[in-house]
Structures are given as C-alpha cells and as structure tokens.
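Peer 1:
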Amino acid sequence: KLCEGILNILEKDTKTSCQVACLEALRILSRDKKVLVPVTTKRNMQILMKLAKLDTVEDPLETVSEFPVIVEALKCLCNIIFNSSVAQKLSLELNLAAMLCNLLQECKDRPLVDDIKCFDLRLLFLLSLLHTDIRAQLRQELQGVQVLTQALESSLSVRWTEEYKVAEDRDRPPLSLQETDCAIEALKALFNVTLDSWNVHSKNESHQFRYMAAILRHCLLSTGPTEEKTEELH
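Per the numbering used here, the sequence shown starts with residue 98, numbered consecutively.
(1) Do you know how far the Cα of residue 262 is from the Cα of residue 304?
(2) Could you check which residue in 289, 330 and 319 has the C-alpha nearest to that of residue 268?
(3) At 4 residues or longer, and completely inside the stretch 202-254: list those alpha helix (DSSP H) runs for me, N to C.
(4) Where residue 323 and residue 277 are concerned, what is the direct C-alpha to C-alpha distance, given to the nearest angstrom?
(5) Going by beta carbon distance, what residues of the same chain come within less than 7 Å of residue 273, once the five residues before and after it are set aside?
(6) Using DSSP with H/G/I as helix, E/B as strand and the rest coil, what is residue 117?
(7) Going by beta carbon distance, what residues of the same chain come within less than 7 Å of residue 133, once the five residues before and after it are set aside?
(8) Which residue wins for smallest C-alpha separation from residue 270, given the options 254, 99, 150 and 301?
(9) Measuring straight from C-alpha to C-alpha, what distance separates residue 152 and residue 196?
(10) By how many angstroms is the C-alpha of residue 184 removed from the C-alpha of residue 129?
(11) Only counting the same chain, and skipping five residues up and downstream in sequence, which positions put a Cβ closer than 7 Å to that of residue 142?
(12) In angstroms with no decimal places, state the Cα-to-Cα distance between residue 311 and residue 257.
(13) Express the C-alpha separation of residue 245 and residue 137 in angstroms, rounding to a whole number.
(14) In this structure, how does DSSP classify residue 265 when only helix, strand and coil are distinguished?
(15) Rounded to whole angstroms, what's the CA-CA distance from residue 313 to residue 140? Just pull it up for me.
(16) Whose C-beta lies closer than 6 Å to the C-beta of residue 227 among residues of the same chain, with five residues either side of it excluded?
(17) Would you say the stretch 225-239 touches the stretch 163-171, given that touching needs at least three Cβ pairs under 8 Å?
(18) DSSP beta-bridge partners for residue 259?
(19) For the alpha helix (DSSP H) containing residue 157, list its first residue and its last residue.
(20) Using only CA atoms, which one of 207, 200 and 118 lies nearest to residue 219?
(21) State the Cα-Cα distance for the pair residue 161 and residue 122, rounded to the nearest angstrom.
(22) With a threshold of 16 other CB atoms inside 10 Å of the CB of residue 291, please say whether the residue is buried or exposed.
(23) Please specify which runs of the alpha helix (DSSP H), each continuous and at least 4 residues long, are wholly inside the stretch 120-189, giving them in chain order.
Next comes the structure, spelled out in structure tokens:
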C-alpha cells in the first residue's frame, strides 16, 4: 500500500523536491522482493519511465533541475528489474531497451548528465543480463554494440590519431569517479551484448569490433581515481 501511495503521488504533477523524496523512498522499498509483487504493473513501470525521461521525443532532456528526478527514477527501475521477473518481461513489452538507447544518445556531448548516463548504462546491463530476448534486440535491432561503444568512448575521453589508433598521453590525469563508473557500466553491458558474437559476418561488424578493440586497449592504459577503481575498470 505504501508503494502504491508513493506511485499515486508520482503520477501527479508534484514539485521536484517531492518527486525526489518519493523516489528515494521507493528505491529503498524496491529492494524487497515481497513489496514489489503488487507494485510491478505496466502502469507503474510507465510512471517511472516517464519520470526517467525515457520518451525523449515527447519529453526532451532539457531542464537541469529535473536531472535528480531522472537519476532516482532510473535507480528505482534498476532495483525493480533486478528483483522482479514480471518487470523483466514488462520491460520487453514496453520497449525499455530502445528508450534507454535513445536517452543515452540524448546525453551525448551534454554537460551534467554523467549520473543519468551511468544509471542508464546500468539498466541496459541488467536487461541484457537478465533477458536473452533483450540481449538479442540490443545486438540486432538497436545497434547496441555501436551505442555502448560510443558511450565507453565518451567516458574515456578518447582522441583518435588514425582510424583504429587512439592518441596516447602518458601525462593525462586519472579518470574521475563518474567517468570511471560510466566506463565500467558500459563495459559490463558490452560484454553481455557481444557474448555470442564469435562470428563476424559483415564489413560493418568488422569495423565496429576493430574500433571497440582500440578503445578497450586505451581503457587498459587508463587509470581511475583510486587503485580499487582502476582494478575494477580493468
């Protein structure tokens, strides 16, 4: 009942501070699988997806003051999808992976969106881990390898000297915590999406994997803000 009450409030046009507080409470409650059973419905998923700005055509990513709401809504979706098989099935019906890819593209070259990008990538990782149909959809329909590779490239601030050669700068500073976390989530999602890619059949796929290999080499030469984060990145 508490979760339903929170979602009823979130469905209304309430203040940003109220939305963030409600989502924080829902995120904590959504760690309990028993609590999720009555809450995991198509309507409730759509409420959270709307707050996460996953329909970027109808609701573009423009107002910076709304960014904390987007992050909290993505965190809630991460918990719900991780803990609920019903939510995993609904995510395919609601085309969640495609919307996450669109939001990721919307984040490209924008300031102040690292947290949004990080939890978008985490959600793509969870979907590709827990639902084989979504993994296939990402690979075949949504150009997931390209989208995720570009997200990794952006997180690592890659600069190119040749088509498949990344500029090396031995004096570059370590990655920030946010950049490292985004790169880690992108790597995890890429692993899932490319898991069955033993045979490369087209020129485009060959180009994509050579491009990704150059970025992965650069990743191995990069350092995070701490020794532990560097180890996790590698």
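We treat Cβ as the ideally placed atom computed from N, Cα and C, and that holds for glycine.
This one's a predicted model, so the numbers in the text were calculated from it and none came from an experiment.
Peer 2: Short version:
(1) Distance between the alpha carbons of residue 304 and residue 262 is about 13 Å.
(2) 319
(3) Entirely contained in the stretch 202-254, the alpha helix (DSSP H) runs reaching 4 residues are, in chain order, 211-227, 229-237 and 241-252.
(4) Between residue 323 and residue 277, the C-alpha separation is close to 10 Å.
(5) Once the five neighbours on either side are set aside, the close Cβ partners of residue 273 are 322.
(6) Assignment of residue 117 by DSSP, reduced to helix, strand and coil, places it in the helix class.
(7) Result list for residue 133: 127, 177, 180 and 181, in chain order.
(8) When only C-alpha atoms are compared, the closest one is 254.
(9) 6 Å
(10) 14 Å
(11) 184, 187 and 191
(12) 10 Å
(13) 28 Å
(14) coil
(15) 40 Å
(16) Taken in chain order, the residues that qualify are 185.
(17) no
(18) 262
(19) Where residue 157 is concerned, there is no enclosing alpha helix (DSSP H), because DSSP gives it neither an H nor an E.
(20) Answer by Cα proximity: 200.
(21) 22 Å
(22) buried
(23) Whole alpha helix (DSSP H) segments, 4+ residues: 130-133, 139-148 and 164-180.
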